[in-house]
Amino acid sequence: MIWLGHSAYYIQLAGKRILIDPVLSDHAAPFSFLIKAFDGTTIYQAKDIPEIDYLLISHDHYDHLDYATVTQLKDKIKHVIVPLGVGSHFEHWGYPLEKINENDWFDTLTLDPNLKIHTLPARHYSGRLFTRNKALWASYALETPKQKIYFGGDSGYGSHFKTIGEKFGGFDVVMLDSGQYDPRWSLIHMTPEEAVQAATDLKAKALLPMHIGRFTLSPHAWNAPFKRVSAASKTAPFQLLTPIIGQPVLLDQPFQQYSSWWEEIK
Numbered sequence: 001m002i003w004l005g006h007s008a009y010y011i012q013l014a015g016k017r018i019l020i021d022p023v024l025s026d027h028a029a030p031f032s033f034l035i036k037a038f039d040g041t042t043i044y045q046a047k048d049i050p051e052i053d054y055l056l057i058s059h060d061h062y063d064h065l066d067y068a069t070v071t072q073l074k075d076k077i078k079h080v081i082v083p084l085g086v087g088s089h090f091e092h093w094g095y096p097l098e099k100i101n102e103n104d105w106f107d108t109l110t111l112d113p114n115l116k117i118h119t120l121p122a123r124h125y126s127g128r129l130f131t132r133n134k135a136l137w138a139s140y141a142l143e144t145p146k147q148k149i150y151f152g153g154d155s156g157y158g159s160h161f162k163t164i165g166e167k168f169g170g171f172d173v174v175m176l177d178s179g180q181y182d183p184r185w186s187l188i189h190m191t192p193e194e195a196v197q198a199a200t201d202l203k204a205k206a207l208l209p210m211h212i213g214r215f216t217l218s219p220h221a222w223n224a225p226f227k228r229v230s231a232a233s234k235t236a237p238f239q240l241l242t243p244i245i246g247q248p249v250l251l252d253q254p255f256q257q258y259s260s261w262w263e264e265i266k
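Residue numbers are given in UniProt numbering: position 22 of the sequence shown equals residue 22, and the series is strictly consecutive.
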């Protein structure tokens, strides 16, 4: 597994290549001069991405669904998995209908006998430039005979985390919204401390904080989420994983320890 920055991940699981919420452009907005990526975080481009078996999109906000990225990757993608309504974007952008799989919460897609992809709830909303809540938003569970991985998408804290944790009996790794928080957005984004509680509710063995480290979408300091989630995880019943962008997380070995690299960057 490789964190590509913000909420984007490349995962190799059960012999399949999975790409989640890729935003490889240097901005996360409808106009290129808005919400620019931090210097040094645009180390991957679409040409660097190999053929992908499953592209997963959690919702259609610009920092999760990037037109430039997904259109450049179109010929490399075998299957697109999206919440209800998000498929219309891909259809409009030239993706063949047979590639697009739209799912409701609690739907399970099994395109390979060794990999189940579960679409699950999140507490958020959707929308592009002139639309709001015309499509669903979601989280995902990736389940193989040996491993379970949870991708929380964007979400405020809620009882759904405990429900999902009980439904699946825990997860090996969870990736959770831990940044771009603000008291005004408490229902749709988590603080780092809430992410730690959500990981506990999910019965996680390891937490990867996300929605951080690439764009400024909130008034807090860029490295504040890393500091807060690190402090809140010291007594947590799971391991905190904080790779820098591009640093692998090996899923078939004991998790390694990562440095507090954010303390060294000014």
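Note that beta-carbon positions come from the ideal geometry of N, C-alpha and C, so glycine has one too.
Assigned secondary structure, residue i (DSSP; H/G/I helix, E/B strand, else coil)
i: D39; result: coil
i: H160; result: helix
i: A135; result: coil
i: E194; result: helix
i: V229; result: helix
i: K266; result: coil
i: F238; result: coil
i: K167; result: helix
i: D252; result: coil
i: A8; result: strand
i: A206; result: strand
i: A221; result: coil
Chain C contact for residue i (CB, 9 Å cutoff)
i: L109; result: The chain labelled as chain C is not found in the depicted structure, where only one protein chain is given.
Separation of residue j from residue i, as counted between CA atoms
i: Q72; j: A46; result: 6 Å
i: residue 267; j: P219; result: Outside the displayed range of the chain (1 to 266) lies residue 267, so it cannot be described from this structure.
i: P96; j: I52; result: 15 Å
i: G165; j: F171; result: 7 Å
Selection from the options that minimises the alpha carbon distance to residue i
i: Q253; options: Y10, S233 and K205; result: K205
i: L13; options: S259, L142 and L187; result: L142
i: G94; options: V80, W105 and F130; result: V80
i: A236; options: T131, L207 and T163; result: L207
i: P145; options: S126, I49, T110 and G156; result: T110
Run through the stretch 15 to 87 for me and flag every whole alpha helix (DSSP H) of 4 or more residues, listed as ranges in chain order.
67 to 72
When you compare the stretch 245 to 256 with the stretch 37 to 53, are there three or more beta-carbon pairs, one atom per stretch, that lie closer than 8 Å?
yes
What are the uninterrupted segments assigned as alpha helix (DSSP H) that are 4 or more residues long and contained completely in the stretch 87 to 135, given in chain order?
87 to 92
Would you call the stretch 145 to 157 and the stretch 168 to 177 touching, i.e. three or more CB-CB distances under 8 Å?
yes
With three or more C-beta pairs closer than 8 Å as the rule, is the stretch 134 to 143 touching the stretch 59 to 70?
yes
Kindly confirm or deny that the stretch 29 to 43 and the stretch 80 to 99 touch, where touching means at least three C-beta pairs closer than 8 Å.
no
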